[in-house]
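In order, the protein sequence lines correspond to chains A and B.
For the first sequence, position 232 (counting from the first letter as 1) is numbered 261 according to this note's numbering, and the numbering increases by one without interruption.
For the second sequence, position 381 (counting from the first letter as 1) is numbered 423 according to this note's numbering, and the numbering increases by one without interruption.
From the three backbone atoms N, C-alpha and C, an ideal C-beta is built for every residue, glycine too.
It should be emphasised that the depicted structure is a prediction, and the values quoted were computed from it without experimental measurement.
Worksheet for the structure shown next.
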Amino acid sequence: MIVDATQGRALRMTLDGEEVRFSDGETIYEVATRQHTPIPTLCYDPRLEPFGGCRMCVVEVEGARTPVASCTTPATAGMVVRTKNVALEKHRKTLLELVVSENREVDVDPLRGYASQEVATLVDEYGARTGRFQGQRSGTSNETDDNPFIKRDYDLCISCYRCVRVCAEQEGDHAIAVMNRGFQTQITTEFNGRLKDSACTFCGQCVQTCPTGALGDIKAMRAEPLPGELKKTRTICPYCGVGCSVDLLTKGERLVGVQPAMDGPANKGALCIKGQFAFDFVHHEERLKTPLVRGDDGELHEASWDEALDRAADGFRRAREEHGRYSIYGVASGRAPHEAAYTMQKFIRAGFGTNYIDNCSRA
Amino acid sequence: MALLSNSDIIEHWKSAAAPLLPVLHAFHDRDGHLSEDALRAVSDGLGIPIAELFGSVTFYHHFAREAGGRDAPRVCTGNICALRGAHELLDALRSEGATPMPCAGRCDQPIPVLRGDKVFVGLTADSLAHGPTPLPPRYPGDGEECVFSAIREPGRATLPGYRNSGGYEGLEKLIKSGSPGETIELVNESKLAGRGGAGFPTGRKWQAVADAEGESKFIVCNADEGEPGCFKDRAIMDHDPHAVLEGMIIAGYACGAGQGFIYLRYEYPETFAGLERAIADADAAGLLGENILGSGFSFRIDVRRGAGAYICGEEGSLLNSLEGKHPFPRNRPPFPVTHGYNQQPTAVNNVETLASVPHIARRGAAWYCALGIGDQAGTKLISLSGDIERPGNYEVPLGLPLQTLLNDWAGGAPHGREIQAVTMAGLSGGFLAGADLNVTLDEPSIRSCGSFLGAGGVIVFDDSRDMVKAARDAMEFFAHESCGKCFPCRIGTQRLTERLAGEAGPASLADWKTEVEDIGSTMRATSACGLGVAAPMITDSLMKYFPDKVEKHVQT
Ligand SMILES: Cc1cc2nc3c(=O)[nH]c(=O)nc-3n(C[C@H](O)[C@H](O)[C@H](O)COP(=O)(O)O)c2cc1C
Ligand code: SF4
Ligand code: SF4
Ligand code: SF4
Ligand code: FES
């Protein structure tokens, strides 16, 4: 069944010649998106308050002297809106040419972040690599911030302030802000110091909303030179009970990064430092690959699974016989896969008949 | 006197209205700069995240972050002062730590140098002198003034002097025998429109505030006067401060507001002291505060000083600045009349607009209307500066020919030179030249030439001036003051400056013009506020009136 997107919406307006319905409080952009009328944007992130900075989303409204930003302008009854015409498309192209002219480069590896391809994609769609509007470049990359997670490559920054706004509005950390004004604006922390000396929790949300890759996921970027196609696999972060949806980034057999799922019902694009960045254990060289069993010499020795499981079973059995079933308490690792966690609780509940089971990270 | 401690300052202001700016100024004044320690204290005391507070402080030109910075000289290198040797003066004062500042609003005087709480003027380092704001020149017209009609009365700046020349009579009349509705009706009938730039009808603005739902309502007097070439509001505030207060009280009465703010630009320290004095005097006389003149209506006024940002004259940015937020302009709608200070209904009005109101209240709407010429109602203050024999503030009847003002009233260009061009609206209206100098001073006439009258700053360039250089200086101002919120203005003002300076851009004339026109057209159509919309009037008018000079500029 096709659901009528306008159901339950009482007001009417005209969008590109068609009458559409909307409800009070919706912006023109929201109405258009619902109607599958794409409008280009750069400073927009649906999770954030509309900001109105990039002006890519301008549309023509009958009776208005100049185009209006559709992301910030409320739809009103009887409004006649045109989202595309020669003049609007030319303004959008000019804006993109200006953006290209202020940056060192446009093309960045998608490993930098979830939204990192937005500028390049629009620039190509509008054929804006014309080399026009040459001049000074804006933004200065911060080479001295020696944190292991976030690259601050502001040579590529287009001052959309999505990072600042996501940090304030979604994360509530207010760790970063806008410094100076005009062409000199620059993303900063308190007193322009390092992220690790600021209120930053390294949640990575600023990285993932950045439309240029000016903020880059340093851990994922390590895999840029690796051959192979970048694949995304949807799963749930194992670290805690919130259940944030993530996309695991893999190249071949290698896990190279994590991105939050923007449509994750529990997290809507948010993650914490662990879910975002703490995956190095997966391919860590010290990670155990075979069972180890302690010998009579007191040292750990490699063993077969049968040998190890028998030994563990003996230990559990003895503990239960000597001390009772409540003497056993299971703690599953947040770094184990969900399947292992499930098996672990099953083992305790079914095996010992208790609820003495927990997980190491209950954030 | 013992210095105030951090917590003394915070405690003093914490529960005041719009506390951030006065708190920052208190630390700036105490320490001579804003130290990290001070900002951390403010952040804790007012609950503003430290990164955001730091970022916003860097937005303001005049907050010094280095020890001694507050009192180091700032030399106006604005568009007019640059023509008079400001850069040489700046160099001469470099050893004292001098830095440049954009137009400081004293274009009718020698070059202003701001040192802490005092402004000195002079053309050379050893001739700098401190003195009062000049009074407007004697009225040269054959009509009648409104705003300036009593400003030259002796003692007009004091409460007794003001009352001796009809002051507070209008308020008394309205508050005792009129109603808020009648007050708005009076202003509607006078056809008074905003004198701060946008020209919105004042009565309609007040009506919207009066009609809007809100817990509390506010009047904001916009005294930011940041437009280069404008210095009229300072003349009013220095010589007729009670007219501004009376206008605000009447506005408060009409709109149902209980609190007013005057948002004053940093570069007017003496004006700040004068306004504070006038407010204290009016308070003591029962003209402000609780139960004004026994009417039951209460209203208070607080002055808040800006810290050096032209964009803070734009009303949304001003309101954000007052509220202690990052001073980007706000998205519209909603407008301040419904969502202004603290999201409450707010009338933002220019100083001149408000100072007209007591005269209208006293002498009637018909009297005010009739001051204009032809269809035009009322008067407008023009700040006239640059290459002109008698610079200063002139109150013209709307509809007066520009040539009459330039030549008959102000004596034309000095040294027998010809007037080559003038700017309109300070810089925001770009240039007028050639036959378009025959406009009359009113919006319909000036708009028909692609410009606008706006706040009424007119800068004159004689025939010896390099107009490409004038355009470049103007665009440099807009680039310096662009807030950085929206892409077309943030990048566009920079690119246009580079092209006018010959620092970047195509070598072929046709490509150069296409680039400049394309940037201008996108800025005009898509910028988020009036700054970015207006800035390309500079390049448009340069190319329109001086195509040969543009050609020469590009080809060399
Ligand atoms: C960039 C910019 C700067 C402005 N600066 C001032 C100013 O310094 N003083 C002022 O009164 N209005 C200024 N305005 C206009 C205000 O936004 C607002 O329209 C005005 O204060 C309303 O008062 P009025 O209706 O009495 O003119 C500025 C507007 C823009 C876009
Ligand atoms: S990583 Fe998170 S907390 Fe840190 S700056 Fe980015 S959004 Fe803010
Ligand atoms: S760093 Fe990225 S998200 Fe932040 S302002 Fe720059 S381009 Fe936008
Ligand atoms: S037009 Fe300029 S000043 Fe106005 S919002 Fe945009 S960047 Fe800021
Ligand atoms: S999406 Fe509307 S201005 Fe950026």
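Taking only heavy atoms of ligand 5 into account, decide whether any of them is closer than 8 Å to the Cβ of residue i.
| i | result |
| --- | --- |
| A/TYR58 | yes |
| A/THR101 | yes |
| A/ALA157 | no |
| A/ARG84 | yes |
State yes or no: is the C-beta of residue i nearer than 8 Å to some heavy atom of ligand 4?
| i | result |
| --- | --- |
| B/VAL575 | yes |
Run through DSSP, which three-state label would residue i get?
| i | result |
| --- | --- |
| A/MET30 | In this prediction, A/MET30 scores a pLDDT of 45, lower than 50, which makes its location untrustworthy; no coordinate-derived value is stated. |
| A/ALA106 | coil |
| A/ILE68 | coil |
| A/THR279 | strand |
| B/TYR436 | strand |
| B/CYS145 | coil |
| B/PRO400 | helix |
| B/MET466 | coil |
| B/PRO283 | helix |
| B/ASN392 | strand |
| A/ALA392 | Here the model assigns A/ALA392 a pLDDT of 49, short of 50, so the residue's position is not dependable and the matter cannot be decided. |
| B/ALA412 | coil |
| A/THR43 | strand |
| B/GLU138 | helix |
| B/GLY366 | coil |
| B/LYS259 | coil |
| B/CYS623 | Not covered by the structure: residue 623 of chain B. The range shown for chain B is 43 to 598. |
By the criterion of Cβ-Cβ separation under 9 Å, what are the contact partners of residue i in chain A?
| i | result |
| --- | --- |
| B/PHE96 | ALA206, MET208, THR217, THR218, GLU219, PHE220 and ASN221 |
| B/HIS595 | Simply none; closest approach about 16 Å. |
The alpha helix (DSSP H) spanning residue i covers which residue range?
| i | result |
| --- | --- |
| B/GLY223 | 222–232 |
| B/LEU95 | 92–101 |
| B/MET517 | 509–523 |
| B/THR244 | 244–253 |
| A/ARG63 | 57–63 |
| B/GLN536 | 529–543 |
| B/SER22 | Here chain B has residues from 43 to 598 only, and residue 22 of chain B is not among them. |
| B/PHE69 | 62–73 |
| B/ASN48 | 48–56 |
Where do the ends of the beta strand (DSSP E) carrying residue i lie?
| i | result |
| --- | --- |
| A/GLY359 | 359–361 |
| B/GLY499 | 499–504 |
| B/SER427 | 421–428 |
| B/ARG157 | 154–157 |
| A/GLN215 | 215–217 |
Just to check, is the beta-carbon of residue i closer than 8 Å to a non-hydrogen atom of ligand 2?
| i | result |
| --- | --- |
| A/ASP74 | no |
| A/VAL480 | No answer is possible for residue 480 of chain A: the residues shown for chain A start at 30 and end at 392. |
| A/ILE205 | yes |
Any heavy atom of ligand 3 closer than 8 Å to the CB of residue i?
| i | result |
| --- | --- |
| B/CYS411 | no |
| A/ARG210 | no |
| A/ILE216 | yes |
List the residues of chain A whose Cβ lies closer than 8 Å to the Cβ of residue i, in chain order.
| i | result |
| --- | --- |
| B/THR535 | GLY211 and PHE212 |
| B/PRO375 | THR102 and PRO103 |
| B/ALA93 | HIS203, ALA204, ILE205, ALA206, THR217, THR218, GLU219, SER227 and ALA228 |
| B/GLU78 | PHE220 |
| B/HIS526 | The displayed chain sequence assigns Gly, not His, to residue 526 of chain B. In chain order: SER188, VAL207, ASN209, ARG210, GLY211, PHE212, GLN213 and THR214. |
Between residue i and ligand 1, is there a pair consisting of the residue's CB and a ligand heavy atom that are separated by less than 8 Å?
| i | result |
| --- | --- |
| A/CYS301 | no |
| B/TYR383 | no |
| B/LEU165 | no |
List the residues of chain A that residue i touches, going by C-beta distances under 7 Å, in chain order.
| i | result |
| --- | --- |
| B/CYS145 | Here the premise fails: no neighbours, minimum Cβ distance about 16 Å. |
| B/ASP630 | No information on residue 630 of chain B is available, as it lies outside the stretch 43 to 598 that chain B covers here. |
Could you name the residues of chain B that residue i contacts, counting a contact when the two beta carbons are closer than 7 Å?
| i | result |
| --- | --- |
| A/GLY286 | Result: empty, since nearest Cβ-Cβ is about 27 Å, beyond 7 Å. |
| A/LEU329 | Ordered by position in chain B, no residue passes the 7 Å Cβ test against A/LEU329, which lies about 48 Å from the chain. |
| A/PHE345 | Neighbours of A/PHE345 on chain B: none; closest Cβ ~52 Å, over 7 Å. |
| A/ARG161 | GLU557 |
At 8 Å on the CB atoms, spell out the chain B contacts of residue i, in chain order.
| i | result |
| --- | --- |
| A/CYS235 | In chain order: nothing, as chain B lies at least about 12 Å away. |
Next item on the list: Starting from the N-terminal side, write out each stretch of the beta strand (DSSP E) that is 3 residues or longer and does not extend beyond the segment 291–362 of chain B.
Entry: 301–306 and 342–347
Next item on the list: Write down every uninterrupted run of the beta strand (DSSP E) in the segment 133–196 of chain A whose length is 3 residues or greater and which is fully enclosed by it, in chain order.
Entry: Segments of the beta strand (DSSP E) lying fully in the segment 133–196 of chain A: 179–181.
Note to self: Restricting to runs no shorter than 4 residues, where is the alpha helix (DSSP H) found entirely within the segment 299–386 of chain A?
What the structure shows: 302–306, 334–352 and 367–381
Check: Can you give, in chain order, each stretch of the beta strand (DSSP E) that sits fully within the segment 225–283 of chain A and has at least 3 residues?
Finding: 244–246, 259–265 and 274–280
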